[in-house]
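Presented below is the structure to which this report refers.
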Amino acid sequence: MIFWIITILTLVTAAQLMRASSLSRKISNKKEEDISDASNNWNAFGFALFTIAMFGSIVFMLVKYGNGLLPESASEHGQQIDFLFNLNWIIVFAVFFLVNGVLFIFAIKYRGKKGQKAFYFAHDNRLEMIWTVIPAAALAVIIILGLRTWNDITSAPSDSTKVVELFGEQFSWTARYSGEDNKLGYADYKLINGKNPLGVVTPESMVLGIAEMDKTIDKLYSRLQSDSAGTVMFSEAKVHEMNSRMEKFIRIKERIIKMQNHYTADKLVVANDDFYTKSELHLVVGQEYQFVFRSKDVMHSAYFPHFRAQMNVVPGQRTKFKFKPIITSKDMRVSRENPDFNYILLCNKICGESHSNMKMIVVVETQEEFDAWKKENTKTAIVQK
Amino acid sequence: MSAHANAHHKESFITKYIFSQDHKMIGKQFLITAIFMAIVGVFLSVLFRVQLGWPGESNSFLNMFLGDTWAPEGIMHRGMYLGLVTIHGTIMVFFVLTGGLSGTFSNLLIPMQIGARDMASGFLNMLSYWMFLLSSVLMIYSLFLETGPANAGWTIYPPLSVFEEGISGSGMGMTMWLLSMTVFVASSLIGSLNYIVTVLNLRTKGMKMTRMPLTIWAFFVTAIIGVLSFPVLVSAVVLMLMDRLLGTSFFISDVIVGGEMMEQSGGSPILFEHLFWFLGHPEVYIILLPALGLTSEIVSTNARKPIFGYRAMIGSILAIAFLSFIVWGHHMFITGMNPFLGGVFVFTTLLIAIPSAVKVFNYITTLWKGNLRFTPAMLFSIGLVSAFITGGITGVILADSALDIQVHDTMFVVAHFHVVMGMSAILGMFAGVYHWFPKMYGRMMNTKLGFIHFWITLVSAYGVFLPMHFVGIGGAPRRYYDYSVYESFDGEQFEMIMDLNVIISIFAIVGAIGQIIFLYNFFYSIKNGQKSEQNPWKSNTLEWTTPVEHIHGNWPGDLPIVHRWPYDYSKPGADEDFIMQNVPLKDGEEEH
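Protein chains in written order, with my numbering: chain B, 269 to 653; chain X, 8 to 599.
Set out below in structure tokens:
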């Protein structure tokens, strides 16, 4: 209702304004294209007001919200990013205020007046050179500093780095720790089922995978049989679909059987000490982590705003990102003066209807606290017999 | 040529208004269609801004437009929210700012400003419009599907866009999206080829490439970019259709979606991203360059000064066009691409800031010591330059891969590209409409309403997008139905996001309502506006030498002959402050 009222009111206002201005135009015998000095002055005044309001609102928001109220970076490389950010902000804000300012000042100052003539000034190579070289020099600085930080962040992890896998699916995260050997056990999507949610490859899980396939195939087969027995009636399309699904699962089963030959004993043992959790991601402060990302279904993006870290999670391939948390959750709660504050892992690539609910609390703590938590809250990643 | 000019066929209503092959009529058809699409696109954004500003609150407004299926009890359905975001993006990027902007003004202005009777192929031109209309209808139609429109984001990344088990819009909705876009690209290609051929072959005597108005340069280069990049999108779309319908695995590998194990293996979603952004980034300049071209002409005319650095402006357009093809990887810094390759894209991307900066400084110098006449078109053009500055510099942050890690896919990106290409191009498009309305309809739009429209638009556009930067810097992801997740870990930040979102939504609604003033002014003036003179803005270019009433072939007699560049404003020694392009040089007068 309000919608219609506002729409109609705006239309009526526009119509009345139109009538009034056409009338006054007729009375004063002026044409639409004649722009009077008074009108130029009004619009110049508008630019002046607008410039003040825009600059003012930027300063206001800068003071009030700063860097979006994010606390200081809780990771080592993040502090480098923050430094680079601040440096870039200085350049960005300087250019923003300066160039917008000059634009609006010129617009105000050189507003048209009767009898004034514009200055014929078509080109000047020296000026062009100046504003090619200055931005180029500024950009060179930005590029060099940026790439140095980028290379640091993406450099190879050190030997003491712990490997943790983050597994994304609609709409939750699972963390798998690599255990004593610091190696993640192999995983394959074909082995994913209720008992093996991460599809970890072990001799038992392959047997289980084949059994699960058999179960699905049998189910489809018996449904098709019930059709030919005359108890149920499926449409031709449905029969075709069930047949092709059955064939698909038979092919997948064959691929699992081949996998059994492919994985040698030494490849299978690495999974033995892996453990995982779906509840919270716990990290030890001061320990560098190499995260390996894997997706079950669609693309996700693992986004840790407090650690200035992000990496896409792409089905069919592994992506990696490393960082070292340096501030514990407890310390951050104290400095934020907020006992409920938590680090978070969000999904930042549209992944379905509940995309905005896909999260995992991240806790940074000491080694002792981590060990205590691990005992209570994680499960072994291998399939139990 | 003159034989053609005298052949005034008797035209029926259908050949004149519907299946017209006249470039002026086709331009107007593009504009009207684009205005309709813009109304839809902006309205969709109002709907999801209501959700973002007041999440979870029952709103009869939502229920009125989305019905009980998509807004039961006035609360928006999550899938529909994503659908609105997706279709808003698609409509605004392709249908309004590509088809609408380039389609309208390339068609209207190319023949008239280079002194041609019509486009090289009138028939292809007509075909281009009708395919555009067909694709628009398909896209609108997809909003009414039972399973909802495509809702995997306008970038339609697989696998989400491939499996309807993943999200309901990836069923029929995505099929319609792909169909519509295929037809759209065909339309765009036909149009672009026509523009290129026309500019190369049909320039009138004396119209050297270096005497062409910057509008024509912009349209010409835009068309070349389009021809080189749009086919890549079609290839991505066709491969995706095969993944969806035939079970191929170009983009799909090892997935279990909605509980169903798929057997596709070996494909890569990243391949799709490469193909998509190989169009997607040049697309930004397909949108932006025509707006900058229009603005160059309008700023020069209304500053009563030659555009500063004509050749540098052409050089910048060419440099931007070239660079636009080698920067697409900056959309993919965090897809796990090789960090060295990422570094290369950082370098090329930041290079593009140089020609952009040159353009901005040239605009500003054109204003310097001018005699600025604030017509609505001029105001919108100054608005464009401001938006181009504001949006351009935040691009420096995003192009820096190390910083992109933090702000990638957040509302900061949304704010950035809305300012730099959305706002700039829309302001440029408005400028073009106000400036060339007399050429299109032989009448003037109301100036006062134009002023009001401009101020509402500028203030509300900045009101929407400046605060949005802060939401994004705080790490608020885009395409979130609501930000309630923040409540669970940082209440303070949650409050900031909510406060700013309310402000943004209010400005968005005010801005949208303000466009009613424009619509009224536009449609009322078509019939009732003050009759226009031949050259109301005292402009130099050739379109203002054509009669006010449209005729086939544009000029009643011979084609005009061009003697000078288009920017002889306030030239010393001249009687008036403008000299049209078809006026011969005086004795001893230098060209420029």
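Even for Gly, the Cβ is constructed at its ideal location relative to N, Cα and C.
Of all residues in the segment 468–496 of chain B, none is placed with a Cβ closer than 8 Å to any Cβ belonging to chain X.
At a cut-off of 9 Å, the C-beta of M268/X has a neighbouring C-beta in chain B.
Around the CB of H574/B, 16 or more other CB atoms lie within 10 Å, so the residue is classed as buried. No Cβ-Cβ contact shorter than 9 Å links M418/X with P346/X. CA-to-CA, the gap between N606/B and G479/X works out to about 22 Å. Between S467/X and V517/X, the gap from beta carbon to beta carbon is short of 9 Å. The segment 291–345 of chain X contains, as complete alpha helix (DSSP H) runs of 4+ residues, the segments 317–330 (chain order). Among the residues facing chain X, V367/B is included, as its CB has a counterpart in that chain under 9 Å away.
At a cut-off of 9 Å between beta carbons, R379/B contacts chain X.
According to the DSSP secondary-structure assignment, T587/B is paired through a beta bridge with F561/B.
Contact of F477/X with chain B is assigned, a C-beta pair being separated by under 9 Å. Interface residue (Cβ-Cβ distance to chain B less than 9 Å): M71/X is classified as such. Following the DSSP letters along the chain, one finds H95/X in no beta strand (DSSP E) but inside the alpha helix (DSSP H) bounded by residues 85–97.
In this chain, A127/X is not harboured by any alpha helix (DSSP H), its DSSP state being neither H nor E. Leaving aside the five residues that flank M514/B on each side, the residues in its chain whose CB is nearer than 7 Å to its CB run, in chain order, I485, L488, Y489. Legend: CB atoms of the segment 450–464 of chain X lying less than 8 Å from CB atoms of chain B belong to residues M451, M452, N453, T454, K455, L456, F458, I459, W462.
Judged by pairs of C-beta atoms under 8 Å, the segment 394–409 of chain B does not touch the segment 532–551 of chain B, as fewer than three such pairs exist. Nearest Cα to T429/B within the set K617/B, D639/B, F589/B: F589/B. Residue pairing by DSSP places A455/B opposite V468/B in a beta bridge. Cα atoms of K294/B and A581/X: separation of roughly 32 Å, rounded to the nearest angstrom. Looking from the CA of E637/B, the closest CA among L549/B, M626/B, V560/B, F318/B belongs to L549/B.
By the beta-carbon neighbour count (other beta carbons within 10 angstroms, threshold 16), I259/X is buried. Sequence-distant Cβ neighbours of S168/X in its own chain, meaning closer than 6 Å and more than five residues away, are A159, S177, M181. Using a Cβ-Cβ cut-off of 9 Å, I524/X counts as an interface residue toward chain B, since at least one Cβ of chain B sits closer than that to its own. Burial check for R210/X: the Cβ neighbour count within 10 Å reaches 16 or more, so the residue is buried. Near chain X, meaning a CB-to-CB distance below 7 Å, the residues of the segment 551–574 of chain B are K564, D565, V566, M567, S569, Y571, P573. Closer than 8 Å at the C-beta level to chain X, one finds these residues of the segment 600–623 of chain B: R604, N606, D608, F609, N610, Y611, I612, L614, C615, N616, K617, I618, C619, G620, E621, S622, H623.
Counting other Cβ atoms within 10 Å of its Cβ, S65/X stays below 16 and is therefore classed as exposed. For G595/X, the number of other beta carbons within 10 angstroms of its own is below 16, and it is reported as exposed. If you look at G273/X, you'll find it isn't in any alpha helix (DSSP H); DSSP assigns it neither H nor E.
With a threshold of 9 Å between beta carbons, T417/X makes contact with chain B. The Cβ atoms of V353/X and D407/X sit closer than 9 Å to each other.
Scanning the segment 169–198 of chain X for uninterrupted beta strand (DSSP E) segments of 3 residues or longer gives nothing; none is fully contained. Selection D420/B, S292/B, N580/B evaluated against I341/X yields N580/B as nearest (Cα-Cα). Considering only beta carbons, no part of the segment 421–450 of chain X lies closer than 7 Å to chain B. For the segment 394–409 of chain X, the residues whose beta carbon sits under 8 Å from a beta carbon of chain B are, in order, I396, T397, I400, T401, V403, I404, D407, S408, A409.
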